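Protein chains: 2
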Amino acid sequence: MKWNELGSVRCSVARSVAVIGDRWTLMVLRDCFLGVRRFDDFEARLGISRSIIADRLKHLVEEGVLRREAYQDRPVRHEYRLTDKGLALHPVIMAIVHWGDVHYADEAGPPLLHRHRACGCDFTPVMTCSACGESVTAREVEVRAS
Amino acid sequence: MKWNELGSVRCSVARSVAVIGDRWTLMVLRDCFLGVRRFDDFEARLGISRSIIADRLKHLVEEGVLRREAYQDRPVRHEYRLTDKGLALHPVIMAIVHWGDVHYADEAGPPLLHRHRACGCDFTPVMTCSACGESVTAREVEVRAS
DNA sequence: CACCTCCGTTCGAAAACAGAACTCATGTTC
DNA sequence: GAACATGAGTTCTGTTTTCGAACGGAGGTG
């Protein structure tokens, strides 16, 4: 198996990972959710070489996770914004952030706080069951082929 | 910035991604949550070279995500099991699976179904607010430094 | 002893990457 | 109007990582 074959495996993890399962891609997405939209801002925040950023952005646009949009003419300049498909990755990023907060925070606590506008509170993401609404733990889940 | 510096950035995404943000690591974790525990089973399921599997398993053990445990003596054989820290990654994997189910499923539907033992229903993971219990969307979240 | 099973390690080839230079279309300063 | 600045890339070169395939080894089995 090679990276480019991953997407054709009949497994949702493999298919997702083929798109977003790369360190820099995940870092780019983190920044997208923090409101970063321009090439040079990605570069400044990530501190990696421009060719990687160009490559990852192009890939995410091809996959429909980001869209490239002109924000001015003369000269034409573009920015990268999350599509709905990209916004749907929010739970993935939040789950990753939360795991990091719990297991790798230093004395100063988690680097970022997240406030739920609807209720006004700082919160942590909780995974719940779409059927009963209760929170779900790993051991309570039974997996079977469809 | 290089991959090995990622873990020392003050950002929970970076720190998490330094541990799990690698295609094969995520695939290994997927299999862990499906009950795979032995080296050769990982190899058979993933179809990638043994050195990658050895490397990823070792890394995950060092990070405390898996533990390596003898399941027999004479000869000693070990298996890899999720620790509590590893089990805490369940929401990450579920979020990835769900995104893949929604955006990359074929006509036959999602490859796997997940049943919540507590309520007996097949379910999808929903991210909710720890404070108010309501489901949370990307646009309802405000991020600020702590 | 020959062979098997499970679990890795080694090594050369292939790919990813950093960093700098280059492009290009415009705008701004001297 | 020459020189410099800006934003968004692309291209090049040489180093670093990653990977597949083959090998190793510890113990059991016939």
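For the protein sequence lines, the chains are A and B, in the order given.
192 is the number of the first residue of the first sequence in this note's numbering; add one for each residue after it.
192 is the number of the first residue of the second sequence in this note's numbering; add one for each residue after it.
Just so you know, even glycine gets a beta-carbon here, dropped at the ideal spot from N, CA and C.
Since we're looking at a predicted model, the values are computed, not measured.
Problem - Range covered by the alpha helix (DSSP H) that runs through Met-218(A) - result: 214 to 224
Practice task
Examine chain B for any beta-carbon lying closer than 7 Å to the beta-carbon of Ser-321(A), and answer yes or no.
Solution key: yes
Exercise for the section: Take Pro-316(A) as the anchor and find which of Ala-322(A), Glu-325(A), Tyr-295(A) and Met-285(A) has the nearest alpha-carbon. Expected result: Met-285(A)
Exercise for the section: Compute the distance between the beta-carbons of Val-252(B) and Gly-277(B), then report whether it is under 7 Å. Expected result: no
Handout entry: Straight-line gap, Trp-290(B) to Gly-311(B) (C-alpha atoms, nearest Å)
Key = 22 Å
Practice task
Classify Arg-247(A) as helix, strand or coil using the three-state DSSP reduction.
Solution key: helix
Exercise for the section: Specify, as a first and last residue, the run of the alpha helix (DSSP H) that Gly-282(A) falls within. Expected result: In the sequence under discussion, the amino acid at residue 282(A) is Pro, which differs from the Gly named in the question. Per DSSP, Pro-282(A) belongs to the alpha helix (DSSP H) from 281 to 295.
Practice task
Report the option in Glu-234(B), Phe-224(B) and Asp-232(B) whose CA atom is closest to the CA atom of Leu-280(B).
Solution key: Phe-224(B)
Exercise for the section: Classify Pro-302(A) as buried or exposed, calling it buried when 16 or more other Cβ atoms lie within 10 Å of its own Cβ. Expected result: buried
Practice task
Report yes or no: is there a C-beta of chain B within less than 7 Å of the C-beta of Ala-235(A)?
Solution key: no
Exercise for the section: Report the rounded CA-to-CA distance for Arg-258(A) versus Met-192(B), giving the unit in angstroms. Expected result: 26 Å
Handout entry: Three-state secondary structure (DSSP) of Ser-337(A)
Key = coil
Problem - Through-space distance from Asp-297(B) to Ile-245(A), alpha-carbon basis - result: Just to set this straight, residue 245(A) is Ala in the shown sequence, not Ile. Cα to Cα, Ala-245(A) sits roughly 30 Å from Asp-297(B).
Exercise for the section: Identify which residue in Asp-292(A), Gly-324(A), Thr-328(A) and Glu-333(A) has its Cα closest to the Cα of Phe-314(A). Expected result: Asp-292(A)
Problem - Candidates Trp-215(A), Ala-322(A) and Arg-229(A), of which the one nearest Val-267(A) by Cα - result: Arg-229(A)
Handout entry: chain B within 7 Å of Leu-251(A), Cβ atoms only
Key = no
Exercise for the section: Determine whether the Cβ of Ala-261(B) lies closer than 7 Å to any Cβ atom of chain A. Expected result: no
Handout entry: Ala-299(A): first and last residue of the uninterrupted alpha helix (DSSP H) it sits in
Key = No alpha helix (DSSP H) contains Ala-299(A), which DSSP labels as neither H nor E.
Practice task
Indicate whether at least one CB of chain B lies closer than 7 Å to the CB of Leu-174(A).
Solution key: No statement about residue 174(A) is possible, as the shown extent of chain A runs from 192 to 337 and does not include it.
Exercise for the section: Report yes or no: is there a C-beta of chain A within less than 7 Å of the C-beta of Leu-278(B)? Expected result: yes
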